[in-house]
Amino acid sequence: MNAPVTTATPPARLDRKAVGAVVLGNALEFYDFTIYAFFAKAIGETFFPGGSATDSLLASLALFGIGYVMRPVGGVVIGALADRAGRKPAMLLTIGLMAVGMLMLAACPGTAVIGGWAQAIVIAGRLIQGLALGGEVGPSTAYLVEAAPPEKRGFVASWQIASQGCAALVAGLFATGLTLALGDAAMADWGWRLMFGLGLLVVPVGLVIRSHLPETAGADHDPQAAASTGAVVMRLLREHGRLLGLTFLVIAASTVSNAIGTNMPVYAGATLGLSETAANAVPIALGLASVAFPLLGGWLADRFGRRPVLIWPRALILVAAVPAFGWLLREPGAPAVYAVTFLLSALSSINAAAIIVAIPESLPRAVRSAGLSIVYALSVSVFGGSTNYLVNWLIAATGDRMMPAYYLAAFSLVGTVAAFLLPETRGKDLKRG
């Protein structure tokens with residue numbers, strides 16, 4: 004007869020301040036993601052001048068993708084650290100590294116001032132940030148799921164996704180306000196740096212609150228916690244390989260949806276010809292949908308189960324992608340761009356809320372953080388960093404402005420099939436196994 008496993012008792016009430024501190028890292032990630040996407044042209048001209056405007060834009064998008072190279076490393080190292088030493092030290096490490104990476108981009112002089120050193124500094128900054136972001140989602144999401152009441156795990160975890168919407172909304176409002184105040188020329192010259200600086204202001208608050216959170220995992224709470232990173236990874240591959248493969252595909256579809264959404268300012272300006280002010284307001288539509296609808300998705304997942312919310316919103320995106328972009332090209336104005344962005348973001352947000360709770364529920368606590376971190380980091384590194392580049396390159400190479408729709412539909416088909424094969428996890432006892 005096996006001895007009972009000693010487990011940490013979840014807090015009776017996960018207060019709002021604690022939830023805010025936990026989701027702050029994810030919010031910073033999406034804030035950075037959004038800001039970089041619609042200031043990609045200005046960043047490219049600052050650090051990769053010369054050649055055509057398209058060349059600078061593609062170089063900037065390639066720089067954006069460089070950070071994704073380090074995400075799997077962060078997923079393995081920091082995700083496993085959270086399973087071995089606890090969620091809190093991992094979350095403190097990631098938010099500190101994020102701040103360093105953002106600061107290196109915001110404060111670095113342009114290539115015209117310090118030459119090739121500028122490119123080296125911003126590349127190093129994106130690599131550091133990629134390491135942090137790869138290790139952020141696993142520990143923080145595992146913490147939310149472990150600390151939340153069982154009947155509200157979906158709703159509590161959905162704040163991870165809602166925080167992305169809040170970040171996109173704040174980014175859109177800040178960018179639009181600054182553009183109106185400073186003008187397009189000033190924003191392209193130096194104003195974009197202020198956007199990254201504003202994001203850094205919340206880091207000290209996050210560090211203080213995270214440092215006072217109670218622990219929910221690690222060797223002190225789980226006798227099955229592995230002694231090394233290698234042991235964590237080997238157990239994951241040996242015991243949960245099929246699950247990791249399916250969740251990789253599900254997250255890949257969600258990642259492509261997010262990337263297409265955050266690329267809409269570039270698409271609206273460079274492809275549809277919207278003004279810079281109108282294009283910079285696109286993240287507001289993205290943010291509005293991404294704030295409310297993840298919470299709806301989390302509530303639905305608690306009420307009806309994880310699988311329906313994993314499957315149906317993704318299937319609707321599959322059906323709607325091509326008609327939506329077709330209408331957008333027939334009516335290439337700001338209202339149509341905002342409407343399409345809102346629709347696709349709403350469906351993707353509902354779907355993402357189920358993903359973010361179902362995956363950690365599917366894994367035992369001793370490998371929960373590493374499992375989510377690794378599969379999330381791999382999916383995002385492969386598809387998050389490449390989608391914007393590939394879509395813009397395909398449009399330039401083929402002249403077909405429907406490429407975002409085809410790309411999104413293809414991944415949504417794969418994501419729908421993979422979601423259908425995942426098990427139901429609502430009501431699972433996370434103290435066992």
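In the working numbering, the protein residues as written are 4 to 436. Ideal Cβ placement from N, Cα and C applies to all residues, glycine included.
The stretch 410-420 contacting the stretch 252-263, beta-carbon criterion three pairs below 8 angstroms: Touching, per the Cβ criterion.
Would DSSP call F51 helix, strand or coil? Here the question's residue 51 lines up with position 48 in the sequence shown. Look at F51 here: in three-state DSSP terms it is coil, with no helix or strand label.
Which parts of the stretch 330-372 are runs of the beta strand (DSSP E), unbroken and 3 residues or longer, counting only runs that do not cross its ends? none
Three or more C-beta pairs closer than 8 angstroms, one from the stretch 364-378 and one from the stretch 133-143: is that the case here? yes
Look at the alpha carbon of R90 and the alpha carbon of R333, and state the distance between them as a whole number of angstroms. Position 87 of the sequence shown holds residue 90. Position 330 of the sequence shown holds residue 333. Going by the C-alpha atoms only, they are around 49 angstroms apart.
Just tell me which of R309, L291 and G272 has its CA closest to the CA of V253. Along the sequence shown, read from residue 1 onward, the residue named residue 253 stands at position 250. Among R309, L291 and G272, the Cα nearest to that of V253 belongs to R309.
Kindly list the residues whose CB is nearer than 6 angstroms to the CB of L303, restricted to its own chain and excluding five residues on each side of it in sequence; keep chain order. Start at 1 with the first residue of the sequence shown, and residue 303 comes out as number 300. These residues qualify, in order along the chain: V312.
Neighbourhood of K20 by C-beta, 8 angstroms cutoff - its chain only, sequence neighbours within 5 removed: What you label residue 20 is simply residue 17 of the sequence shown in a count that begins at 1. Correct list, in chain order: I212.
Quick check: the stretch 148-157 against the stretch 333-345, are there 3 or more CB pairs under 8 angstroms? No: fewer than three Cβ pairs fall under 8 angstroms.
Selected residue, minimal CA-CA separation from A295, among L275, F307, A281 and S348: Reading the sequence shown from its first residue, position 292 is the one you call residue 295. With distances taken between Cα atoms, A295 lies closest to S348.
For L204, tell me which candidate among L31, P297, R429 and V385 has the shortest Cα-Cα distance. In the sequence shown, counting from the first residue as 1, residue 204 sits at position 201. Cα-wise, what sits closest to L204 is L31.
Beta-carbon within less than 8 angstroms of A160's beta-carbon, same chain only, minus the 5 sequence neighbours each way: which residues are those? Taking the sequence shown and counting its residues from 1, the one referred to as residue 160 is at position 157. Closer than 8 angstroms at Cβ, skipping near neighbours: T144, L147, V148, A151, G301, A356, I359, V360 and P363.
Near V26, what residues of its chain come up, given a Cβ to Cβ distance below 6 angstroms and the 5 sequence neighbours on each side ignored? Taking the sequence shown and counting its residues from 1, one reaches residue 26 at position 23. Within the same chain, V26 has close Cβ partners W162, Q163 and S166.
Against chain C, with Cβ distances strictly below 8 angstroms, would I38 count as a contact? Chain labels in this structure do not include chain C; a single protein chain is all it has.
From V269 to D187, what does the alpha carbon distance come to, in whole angstroms? Here residue 269 refers to the residue found at position 266 when the sequence shown is read from its first residue. Here residue 187 refers to the residue found at position 184 when the sequence shown is read from its first residue. Rounded to whole angstroms, the gap between the alpha carbons of V269 and D187 is 15 angstroms.
Checking 8 angstroms against the spacing of the C-beta atoms, do L289 and G264 come in under that value? Counting from 1 along the sequence shown, the entry for residue 289 is found at position 286. Counting from 1 along the sequence shown, the entry for residue 264 is found at position 261. Contact: yes.
Cβ shell of R371 (< 6 angstroms), same chain only, five flanking positions each side left out: Along the sequence shown, read from residue 1 onward, the residue named residue 371 stands at position 368. The residues are A145 and P363.
With H, G and I counted as helix, E and B as strand and the rest as coil, what does DSSP make of R213? Working through the sequence shown from its first residue, we reach residue 213 at position 210. In the structure shown, R213 sits in a helix (DSSP, three-state: H, G or I).
Which residues in the same chain as L176 place their Cβ atom closer than 7 angstroms to its Cβ, once the five residues preceding and following it in sequence are excluded? Working through the sequence shown from its first residue, we reach residue 176 at position 173. Cβ neighbours of L176 beyond the five flanking positions: I287.
Helix or strand or just coil, what does DSSP make of N5? By one-based count along the sequence shown, residue 5 stands at place 2. With a pLDDT of 40 at N5, under the threshold of 50, the modelled position of this residue cannot be trusted, and the question is left open.
Would A412 and R317 be called neighbours here (beta carbons separated by less than 8 angstroms)? Within the sequence shown, numbered from 1, the residue matching residue 412 stands at position 409. Within the sequence shown, numbered from 1, the residue matching residue 317 stands at position 314. Not in contact: A412 and R317 (Cβ atoms no closer than 8 angstroms).
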